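Participant: Residue numbers (our numbering): 3 to 230.
C-beta atoms are modelled at their ideal positions from N, C-alpha and C, and glycine is treated no differently.
No experiment lies behind these values; they were computed from the predicted model shown.
Pasting a structure here, questions to come.
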């Protein structure tokens, strides 16, 4: 996928200083056509509205089920990159607290402009509202490469399809981070797990050349699944 990006697209990802040859075989197309942004926004509006319409009871049930699906497999690894969920998410903060009790190092993201996400160790006592109005860690920043130490990365998504393409909220922060993981060409690639409600898994969602796929999806009733 990275081998198919133009220099302008790499610059949008925050990798403008990289040599295109470092991505291996593959030609660079010109332009950034087919990004699908016009198609994505109606999807986002509909999905966000549906999430807001869910009752607190439904969200609690969903979070408990997601926790049950993820707790055992994630408790077996050393490091997990997670995220601090919004109130409408199917992920609950309880999973992060439980993993910490199990001795897992849990990292959570910090948004840093157009660059890939930076990471900090999760501690419930070191959380504050950041400049974008979302919760962020206040502890020491470990840099954007800390994600490469994780055995699993939990990825927020409004929707995901069976090919692993996810629909986020439009900031592109996770696409840059997922591209960074791909570019690192790790011997052991982390599981990239989108966390969604059951009705947010589709056969296909709008996607474009800058979108990086995930490898797994977890949903309350569907459980943890590998994607194609």
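Nearest to residue 221 by alpha carbon, out of 160, 130 and 129?
Facilitator: Ranking the options by Cα distance to residue 221, first place goes to 160.
Participant: Decide yes or no for the touch test of the stretch 133-142 against the stretch 150-168: beta carbon pairs closer than 8 Å, at least 3 of them.
Facilitator: no
Participant: For residue 48, does the three-state DSSP call read helix, strand or coil?
Facilitator: helix
Participant: Would you list the one or two residues that DSSP bridges to residue 138?
Facilitator: 130
Participant: Mind listing, in chain order, the continuous beta strand (DSSP E) runs of no fewer than 3 residues lying wholly within the stretch 134-199?
Facilitator: 137-139, 154-158, 161-163 and 193-197
Participant: Please report how far the alpha carbon of residue 1 lies from the alpha carbon of residue 230, in whole angstroms.
Facilitator: As shown, the chain starts at 3 and ends at 230. That puts residue 1 outside it, with no answer to give.
Participant: Using DSSP's beta-bridge definition, name the partner residues of residue 221.
Facilitator: 225
Participant: Which residues in the same chain as residue 216 place their Cβ atom closer than 7 Å to its Cβ, once the five residues preceding and following it in sequence are excluded?
Facilitator: Only 157, 162, 166, 168, 194, 195, 196 and 229 meet the Cβ criterion.
Participant: Quick check on residue 82: does DSSP put it in helix, strand or coil?
Facilitator: strand
Participant: Using only the alpha-carbon positions, how far apart do residue 131 and residue 209 sit?
Facilitator: 30 Å
Participant: Could you have a look at residue 109 and say whether DSSP puts it in helix, strand or coil?
Facilitator: strand
Participant: Within 10 Å of its beta-carbon, does residue 121 have 16 or more other beta-carbons around it, so buried, or fewer, so exposed?
Facilitator: buried
Participant: For residue 182 versus residue 152, is the C-beta spacing smaller than 8 Å?
Facilitator: no
Participant: Could you tell me which residues DSSP pairs with residue 204 in its beta bridges?
Facilitator: Note: residue 204 sits in a beta bridge opposite 163.
Participant: Would DSSP call residue 123 helix, strand or coil?
Facilitator: strand
Participant: Who are the Cβ neighbours of residue 124 in its own chain at under 6 Å, not counting the five residues just before and after it?
Facilitator: Within the same chain, residue 124 has close Cβ partners 98, 108 and 110.
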